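S.K.: I have a structure I would like to understand better, so I am pasting it below and will then ask my questions one at a time.
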Amino acid sequence: MIRYGILGFGHHAAKRLIKGFRDAKDSKLVGLWRRDEAKAIEDARNYSIPHLFETPEDLCASSEIDAVFVVSPDALHLPHVKLAAKHGKAVLCEKPLGMNATEAEEMIAAANAAAVCFGVAQNMRYNRSVELIRQWISEGHVG
(Lines of atoms letter the chains of each structure in order from A and count residues from 1; the text may use other names and numbers.)
(Lines give C-alpha, C1' and ligand atoms only; values in the text may rest on other atoms or scores of the structure.)
Protein backbone atom coordinates (compact mmCIF):
# COMPACT_ATOMS: atom_id res chain seq x y z
CA MET A 1 0.00 0.00 0.00
CA ILE A 2 1.48 3.34 -1.09
CA ARG A 3 0.67 6.11 1.38
CA TYR A 4 0.27 9.42 -0.43
CA GLY A 5 0.45 12.96 0.85
CA ILE A 6 -0.90 15.84 -1.24
CA LEU A 7 0.95 19.14 -1.35
CA GLY A 8 -1.48 21.87 -2.35
CA PHE A 9 -4.77 20.22 -1.47
CA GLY A 10 -7.48 22.46 -2.88
CA HIS A 11 -10.41 22.49 -5.28
CA HIS A 12 -8.76 20.18 -7.84
CA ALA A 13 -7.88 17.62 -5.19
CA ALA A 14 -11.33 17.71 -3.64
CA LYS A 15 -13.27 17.57 -6.90
CA ARG A 16 -11.01 15.39 -9.05
CA LEU A 17 -8.61 13.33 -6.94
CA ILE A 18 -10.50 12.17 -3.85
CA LYS A 19 -12.69 9.72 -5.77
CA GLY A 20 -9.62 8.13 -7.37
CA PHE A 21 -7.94 7.68 -4.01
CA ARG A 22 -11.13 6.20 -2.54
CA ASP A 23 -11.36 3.69 -5.42
CA ALA A 24 -7.64 2.81 -5.44
CA LYS A 25 -6.67 -0.61 -4.17
CA ASP A 26 -2.91 -0.13 -3.87
CA SER A 27 -2.67 3.42 -2.56
CA LYS A 28 -4.23 5.53 0.15
CA LEU A 29 -4.37 9.27 0.80
CA VAL A 30 -3.05 9.73 4.33
CA GLY A 31 -1.82 13.33 4.51
CA LEU A 32 -2.30 16.82 3.18
CA TRP A 33 -0.91 20.31 3.28
CA ARG A 34 -2.62 23.41 2.03
CA ARG A 35 -1.79 27.08 2.49
CA ASP A 36 -5.09 27.93 4.18
CA GLU A 37 -4.91 26.17 7.56
CA ALA A 38 -8.63 26.50 8.34
CA LYS A 39 -9.55 24.91 5.01
CA ALA A 40 -6.90 22.22 5.53
CA ILE A 41 -8.46 21.26 8.86
CA GLU A 42 -11.90 21.16 7.24
CA ASP A 43 -10.66 19.06 4.30
CA ALA A 44 -8.87 16.56 6.54
CA ARG A 45 -12.08 16.12 8.52
CA ASN A 46 -14.43 16.00 5.51
CA TYR A 47 -12.34 13.46 3.59
CA SER A 48 -11.08 11.40 6.56
CA ILE A 49 -7.43 12.19 5.89
CA PRO A 50 -5.57 11.24 9.07
CA HIS A 51 -2.51 13.49 8.85
CA LEU A 52 -2.56 17.25 8.42
CA PHE A 53 0.78 19.00 8.01
CA GLU A 54 1.65 22.61 8.82
CA THR A 55 4.33 22.92 6.14
CA PRO A 56 5.37 21.16 2.92
CA GLU A 57 8.63 20.26 4.70
CA ASP A 58 6.69 18.50 7.48
CA LEU A 59 4.69 16.45 4.99
CA CYS A 60 7.75 15.45 2.96
CA ALA A 61 9.76 14.55 6.08
CA SER A 62 7.00 12.39 7.57
CA SER A 63 7.55 8.65 7.91
CA GLU A 64 3.78 8.28 7.36
CA ILE A 65 4.15 9.36 3.71
CA ASP A 66 5.64 7.15 0.97
CA ALA A 67 4.84 9.32 -2.04
CA VAL A 68 3.97 12.95 -2.62
CA PHE A 69 1.41 14.18 -5.14
CA VAL A 70 2.26 17.79 -5.99
CA VAL A 71 -1.00 19.60 -6.76
CA SER A 72 0.10 23.05 -5.60
CA PRO A 73 -0.08 26.14 -7.84
CA ASP A 74 2.09 25.70 -10.94
CA ALA A 75 4.77 28.15 -9.74
CA LEU A 76 5.34 25.96 -6.65
CA HIS A 77 5.85 22.68 -8.52
CA LEU A 78 9.63 23.09 -8.75
CA PRO A 79 10.31 23.72 -5.04
CA HIS A 80 7.78 21.11 -3.95
CA VAL A 81 9.11 18.39 -6.26
CA LYS A 82 12.68 19.13 -5.17
CA LEU A 83 11.64 19.05 -1.50
CA ALA A 84 9.89 15.69 -1.85
CA ALA A 85 12.87 14.21 -3.73
CA LYS A 86 15.27 15.54 -1.09
CA HIS A 87 13.31 13.53 1.48
CA GLY A 88 13.46 10.38 -0.65
CA LYS A 89 9.77 10.33 -1.54
CA ALA A 90 8.36 9.12 -4.84
CA VAL A 91 6.77 12.11 -6.58
CA LEU A 92 3.79 12.53 -8.89
CA CYS A 93 3.41 16.10 -10.16
CA GLU A 94 0.23 17.54 -11.59
CA LYS A 95 0.51 19.09 -15.04
CA PRO A 96 2.07 21.31 -16.14
CA LEU A 97 5.28 19.87 -14.82
CA GLY A 98 7.03 23.23 -14.65
CA MET A 99 6.77 26.82 -15.72
CA ASN A 100 9.30 26.14 -18.47
CA ALA A 101 11.65 23.45 -19.78
CA THR A 102 14.46 24.49 -17.44
CA GLU A 103 12.28 23.89 -14.38
CA ALA A 104 11.21 20.51 -15.73
CA GLU A 105 14.85 19.56 -16.25
CA GLU A 106 15.69 20.65 -12.69
CA MET A 107 12.92 18.44 -11.32
CA ILE A 108 14.10 15.45 -13.34
CA ALA A 109 17.68 16.03 -12.16
CA ALA A 110 16.55 16.25 -8.52
CA ALA A 111 14.57 13.01 -8.80
CA ASN A 112 17.47 11.24 -10.51
CA ALA A 113 19.96 12.49 -7.90
CA ALA A 114 17.71 11.21 -5.11
CA ALA A 115 16.98 7.97 -7.00
CA VAL A 116 13.22 8.38 -6.53
CA CYS A 117 10.37 7.49 -8.83
CA PHE A 118 9.06 10.63 -10.55
CA GLY A 119 6.17 11.21 -12.93
CA VAL A 120 3.79 13.82 -14.24
CA ALA A 121 0.02 13.36 -14.19
CA GLN A 122 -0.50 13.69 -17.95
CA ASN A 123 -3.77 11.82 -18.09
CA MET A 124 -4.41 12.56 -21.78
CA ARG A 125 -1.01 11.37 -23.04
CA TYR A 126 -2.39 8.14 -24.54
CA ASN A 127 -5.80 9.46 -25.52
CA ARG A 128 -6.63 8.36 -29.08
CA SER A 129 -7.25 11.94 -30.26
CA VAL A 130 -3.85 13.06 -28.94
CA GLU A 131 -2.16 10.11 -30.67
CA LEU A 132 -3.91 11.02 -33.93
CA ILE A 133 -2.78 14.66 -33.70
CA ARG A 134 0.80 13.50 -33.10
CA GLN A 135 0.56 11.26 -36.17
CA TRP A 136 -0.79 14.11 -38.31
CA ILE A 137 2.04 16.39 -37.16
CA SER A 138 4.72 13.77 -37.85
CA GLU A 139 3.23 13.13 -41.31
CA GLY A 140 3.26 16.87 -42.06
CA HIS A 141 -0.52 17.32 -42.29
CA VAL A 142 -0.53 19.80 -39.39
CA GLY A 143 2.11 22.24 -38.23
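Residue numbers for the sequence shown follow the numbering used here, so the first one is 35 and each next one is one higher.
Every residue, glycine too, gets a C-beta built ideally from N, C-alpha and C.
Here the structure is a predicted model, which means the values were calculated and not measured.
1) Would you decide whether proline 90 is buried or exposed? Buried here means 16 or more other CB atoms lie within 10 Å of its CB.
2) Do tryptophan 67 and phenylalanine 103 count as a contact pair if the criterion is CB distance below 8 Å?
3) What is the DSSP secondary structure of histidine 111, reduced to helix, strand or coil?
4) Measuring alpha carbon to alpha carbon, tell me which of Asp100, Ser97 and Glu128 ends up nearest leucine 112.
5) Curious, which full-length beta strand (DSSP E) runs of at least 3 residues does the region 118-158 contain?
6) Does the beta-carbon distance from alanine 109 to isoleucine 36 come in below 8 Å?
7) To which residues of the same chain is methionine 133 closer than 8 Å at the C-beta, ignoring the five residues directly before and after it?
M.R.: With the given structure in hand:
1) buried
2) no
3) helix
4) Glu128
5) 124-128 and 152-155
6) no
7) Asp108, Ala109, His111 and Leu112
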